[in-house]
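*Asks:* Just remember that this note's numbering sits 562 ahead of the position in the sequence shown, which is counted from 1. Virtual Cβ for every residue (Gly too), placed ideally from N, Cα, C.
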Amino acid sequence: MRDSEGQVAPAEVMTDGAGTAAADRTARRAVTVFPVLVLAAGALGMLMPATFAGGSKAVPYLLGVVMFCMGLTMTSEDFQGVVKRPWAVALGLVAHYVIMPGLGWAIADLLDLPPALAVGVILVGCTPSGTASNVVTFLAKGDVALSMSVATVSTLLAPLVTPYLVLLLAGHMLDVEAGPMVVDILKTVLVPVVAGLLVRRLAAPVIRRCLPALPWLSAGTVAVIVLIVVAASASALKAAAAIVFLAVVLHNAFGLALGYGAARLAHLDPAARRAMAFEVGMQNSGLAASLAATYFTPLTALPAAVFSVWHNLSGAVVAAWMNRRARPGRPPVRLPSQGGMNRTTW
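1. With a threshold of 7 Å, establish whether the CB of Gly-666 neighbours any heavy atom of the ligand PLP.
2. For Ser-691, which beta-bridge partners are listed by DSSP?
3. Does the distance from the CB of Phe-614 to the CB of Ile-787 come in under 8 Å?
4. Given a cut-off of 8 Å, decide if His-813 and Gly-617 are closer than it, judged by their beta-carbon atoms.
5. Quick one: give me the first and last residue of the alpha helix (DSSP H) that Leu-808 is part of.
6. Looking at the structure shown, is Phe-858 part of a helix, part of a strand, or coil, going by DSSP?
7. Could you tell me the alpha carbon to alpha carbon distance between Thr-635 and Ala-850, rounded to whole angstroms?
8. Give me the Cα-Cα distance between Tyr-857 and Glu-739, rounded to the nearest whole angstrom.
9. Where do the N-terminal and C-terminal ends of the alpha helix (DSSP H) with Thr-613 fall, by residue?
10. In the DSSP assignment, the alpha helix (DSSP H) including Ala-882 goes from what residue to what residue?
11. Does the beta-carbon of Pro-663 have 16 or more other beta-carbons within 10 angstroms, so that it is buried, or is it exposed?
12. Does the distance from the C-beta atom of Leu-708 to that of Ala-650 stay below 8 Å?
13. Would you report the Cα separation of Ala-803 and Pro-767, rounded to the nearest angstrom?
14. Can you have a look at Gly-741 and say buried or exposed, based on whether 16 or more other CB atoms are within 10 angstroms of its CB?
15. Inspect the beta-carbon positions of Phe-869 and Ser-852 and report whether they are closer than 8 Å.
16. Is the beta carbon of Met-844 less than 8 Å from the beta carbon of Ser-716?
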């Protein structure tokens, strides 16, 4: 069966099928290689800061490339999931945009972070879900369709939600220009995503042939963003590395746990709970880095750079643990579409 673009629709398959095994190998490769790539980029930024620190103005354009790739991989199924299960998607959105911003504020206050770092942690919490969450949800034998729907809608809502959450929670620490931030998110997130959707619609056969390369293009672009961010604040990172790492680990860990807990309280099934954990605990750290570099100081972008590495590492480990705990005899796993498994904004 094919969708309106002529693409083969997702199949209901058991997790021991050949198609699932291939997708599983691809997903594991992605979550293994990406953190290594970002770590290498960060190390290069630390070793050669003078070479790359001047690239800050390119960060929003680089993020636009990542979001365009996301648009290219979207299908109608990402939106159909909202109609089929509006309650579950709405719960994911509310949990994401309440738990992570609130945690960012609480952790910044608990650790008594300086304003620049505190705003950076809060900013990470206020961004939409990162779609690497789709990959780790798949590895965890979670509800991938729900994961993709929440990630898609949270991204589309970001221009309206992210700036004003940052203003509400961090406006007393640093000057937050919410209005211009809305415009920037529209330009760097919504416009590229919509452009990608249109290109996919107009040239679906060509784009389908390019899909396997898109996650690697996105991963490489995010690595360049991290390289620039780290280079711009290399000296500050040496002094603040420990406290930033602690803040990021706490933020991500509590996000994963509370996301799972919110789904459990709502009596969602175990697969949906696993999906919700990753949709709440994993963020679009590339957007956070771009906004921090544009509106605040290089130091403010550090939590986003560290989060970009850590949430993929922790996500892979937690997914493997959930995978092992999944009970035998579970219902068939609904695999994402061809585009979905190749999508990533990390």
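*Replies:* By the coordinates alone:
1. The ligand PLP is absent from the structure shown, which contains no ligand whatsoever.
2. Gln-845
3. no
4. no
5. 796-827
6. coil
7. 22 Å
8. 8 Å
9. 611-614
10. 864-887
11. buried
12. yes
13. 46 Å
14. exposed
15. no
16. no
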